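Trainee:
In this note's numbering, the protein residues as written are 76 to 359.
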């Protein structure tokens, strides 16, 4: 260690030349080193660490961890956090105020689909002089769902069937509105606005129009493991994942059929999440 070597050289030179100021400098530096050792250790002592809930990600994408460091007592300086298996270049540092919190963001790429325990984290510091390193290892008691990687480019969706109302009519109803299209009402979601018809209406001085879910037909899709048209377990899962993403984007109703698992036709965020979790956890 360079610091110890420097102290040794100063001490030998002070003894050889009888330098009182050399003795003073040597023992002053030695005392500073001892104090630094205790301060380095105390920087991590009593520090608390927790992770905010992590959401699911797709395989191959970067998962983001948000770690919150809290100091119930004095301020802590130069606290670093990194993944145990990552290189030192990914180490992030922050200062934690007295009685406050600080947040660090870490990223990692999950190895494959499924449910995985979060990676082990290392907290460390070299404060104040960088002479010593104190560290702690933390294994979070949390897991993360990793969805299959969507097929890119995605293949076309399978054929759909129309239900609940039949084809949308293009003539005006007795109310003066087109069947399947009605005037915009406050609170209608943006994805429910018929943008093409709204553009024509506004060009002629009219107002926005929305799709009328009570009269329009819906496309219902069925995503079947046996008929997805690709070989291999992971290939099929990737294609089914891409289909689910596209169907959800179109706001279509769809169902999923896997060997030993069937999810009825539905739509919405909860339905999408349930199906993607089934794909992530499915095993032959």
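Heads up, the beta-carbon is just placed ideally off N, CA and C, and yes, glycines get one too.
Quantities reported herein were computed from a predicted structural model and do not represent experimental measurements.
1. On a CA-only basis, which of 110, 332 and 232 is nearest residue 323? Give me that one, please.
2. Alpha carbon to alpha carbon, what distance is there between residue 127 and residue 103?
3. In whole angstroms, what is the alpha-carbon distance linking residue 159 and residue 299?
4. Do residue 150 and residue 185 come within 8 Å of each other at the CB atom, strictly closer than that value?
5. Can you give me the start and stop residues for the alpha helix (DSSP H) that residue 270 sits inside?
6. Run through DSSP, which three-state label would residue 79 get?
7. Would the beta-carbon of residue 153 fall within 8 Å of that of residue 227?
8. From residue 234 to residue 296, what distance separates their C-alpha atoms?
9. Check residue 126 in the structure and name its three-state DSSP category.
10. Where do the N-terminal and C-terminal ends of the beta strand (DSSP E) with residue 169 fall, by residue?
11. Given this structure, state the Cα-to-Cα distance separating residue 116 from residue 309, to the nearest angstrom.
12. Which whole-angstrom value is the C-beta distance of residue 140 and residue 96, which I expect to be below 8 Å?
13. Can you tell me whether residue 87 is buried or exposed, with buried defined as 16 or more other CB within 10 angstroms of its CB?
14. When you compare the CB positions of residue 28 and residue 266, do they come within less than 8 Å of one another, or not?
15. How many angstroms separate the CA atom of residue 347 from the CA atom of residue 121?
16. Taking DSSP as the reference, what is the three-state secondary structure of residue 327?
17. According to DSSP, is residue 92 helix, strand or coil?
18. Quick test of your reading: residue 124 and residue 101, contact by CB under 8 Å. State the CB separation rounded to the nearest angstrom.
19. Would you tell me roughly how many angstroms separate the C-alpha atoms of residue 90 and residue 81, rounded to the nearest one?
20. Quick one: what does DSSP say residue 319 is sitting in, helix, strand or coil?
21. Name the DSSP bridge partner or partners of residue 336?
22. Would you identify the three-state DSSP class for residue 259, choosing helix, strand or coil?
23. Return the chain-ordered list of same chain residues with a C-beta closer than 7 Å to the C-beta of residue 350, the five sequence neighbours on each side being excluded.
24. Which two residues bound the contiguous beta strand (DSSP E) that contains residue 181?
25. What residue range does the beta strand (DSSP E) around residue 199 cover?
26. If you count every other CB in all the chains shown that lies within 10 Å of the CB of residue 79, and 16 or more means buried, which is it?
27. Measuring straight from C-alpha to C-alpha, what distance separates residue 181 and residue 259?
28. Based on Cα-Cα distance, which residue from 343, 155, 98 and 344 lies nearest to residue 212?
Mentor: By the coordinates alone:
1. Walking along the chain shown from the start, residue 323 turns up at place 248. The residue with the shortest Cα to Cα distance from residue 323 is 232.
2. The sequence position of residue 103 within the chain shown is 28, counting from 1. The sequence position of residue 127 within the chain shown is 52, counting from 1. Residue 103 and residue 127: Cα-Cα distance of roughly 44 Å.
3. Residue numbering aside, residue 159 sits at position 84 when the chain shown is read from its first letter. Residue numbering aside, residue 299 sits at position 224 when the chain shown is read from its first letter. Approximately 41 Å between the Cα atoms of the pair.
4. Here residue 185 refers to the residue found at position 110 of the chain shown. Here residue 150 refers to the residue found at position 75 of the chain shown. Cβ distance not < 8 Å, so residue 185 and residue 150 don't count as in contact.
5. Translated into the one-based positions of the chain shown, residue 270 becomes position 195. Per DSSP, residue 270 belongs to the alpha helix (DSSP H) from 270-278.
6. Looking up residue 79 in the chain shown gives position 4. If DSSP states are grouped into helix, strand and coil, residue 79 belongs with the helices.
7. Numbered from its first residue, the chain shown carries residue 153 at position 78. Numbered from its first residue, the chain shown carries residue 227 at position 152. No, the Cβ-Cβ distance between residue 153 and residue 227 is not below 8 Å.
8. The residue given as residue 234 occupies position 159 in the chain shown. The residue given as residue 296 occupies position 221 in the chain shown. Answer to the nearest angstrom: the Cα atoms are 7 Å apart.
9. As a working mapping, residue 126 is identified with position 51 in the chain shown. Reduced to three states, the DSSP call for residue 126 is strand.
10. Start at 1 with the first residue of the chain shown, and residue 169 comes out as number 94. First-last of the beta strand (DSSP E) with residue 169: 167-171.
11. Within the chain shown, the letter at position 41 stands for residue 116. Within the chain shown, the letter at position 234 stands for residue 309. Cα-Cα distance, rounded: 48 Å.
12. Here residue 140 refers to the residue found at position 65 of the chain shown. Here residue 96 refers to the residue found at position 21 of the chain shown. Contact between residue 140 and residue 96 fails: their C-beta atoms lie close to 51 Å from each other, not under 8 Å.
13. Start at 1 with the first residue of the chain shown, and residue 87 comes out as number 12. Label assigned to residue 87: exposed.
14. This structure cannot speak to residue 28, because the chain is shown only from 76 to 359.
15. By 1-based counting over the chain shown, the position of residue 347 is 272. By 1-based counting over the chain shown, the position of residue 121 is 46. Taking the straight line from one Cα to the other gives about 42 Å.
16. Here the question's residue 327 lines up with position 252 in the chain shown. Looking at residue 327 - three-state DSSP - the assignment turns out to be coil, as it is neither helix nor strand.
17. Locating residue 92 in the chain shown gives position 17, counting from the first residue. Here residue 92 sits in helix by DSSP.
18. Counting from one through the chain shown, the residue named residue 124 turns up at place 49. Counting from one through the chain shown, the residue named residue 101 turns up at place 26. Wrong, their Cβ atoms sit about 39 Å apart, outside the cutoff.
19. What you label residue 90 is simply residue 15 of the chain shown in a count that begins at 1. What you label residue 81 is simply residue 6 of the chain shown in a count that begins at 1. Looking at the two C-alpha atoms, the distance is approximately 14 Å.
20. The residue labelled residue 319 in the question sits at position 244 within the chain shown. If DSSP states are grouped into helix, strand and coil, residue 319 belongs with the helices.
21. For the purposes of this step, residue 336 is taken as residue 261 along the chain shown, with counting starting at 1. Answer by DSSP bridge pairing, in chain order: 333.
22. In the chain shown, counting from the first residue as 1, residue 259 sits at position 184. It is coil, neither helix nor strand.
23. By one-based count along the chain shown, residue 350 stands at place 275. If we look at residue 350 and ignore the five residues flanking it on each side, its Cβ neighbours are 319, 331 and 338.
24. Position 106 of the chain shown, counted from the first residue, corresponds to residue 181. Residues 176-183.
25. Indexing the chain shown from 1 puts residue 199 at position 124. Segment 196-200, the beta strand (DSSP E) holding residue 199.
26. For the purposes of this step, residue 79 is identified with residue 4 of the chain shown, where counting begins at 1. That one is exposed.
27. What you label residue 181 is simply residue 106 of the chain shown in a count that begins at 1. What you label residue 259 is simply residue 184 of the chain shown in a count that begins at 1. Cα to Cα, residue 181 sits roughly 44 Å from residue 259.
28. Looking up residue 212 in the chain shown gives position 137. Ranking 343, 155, 98 and 344 by Cα distance to residue 212 puts 155 first.
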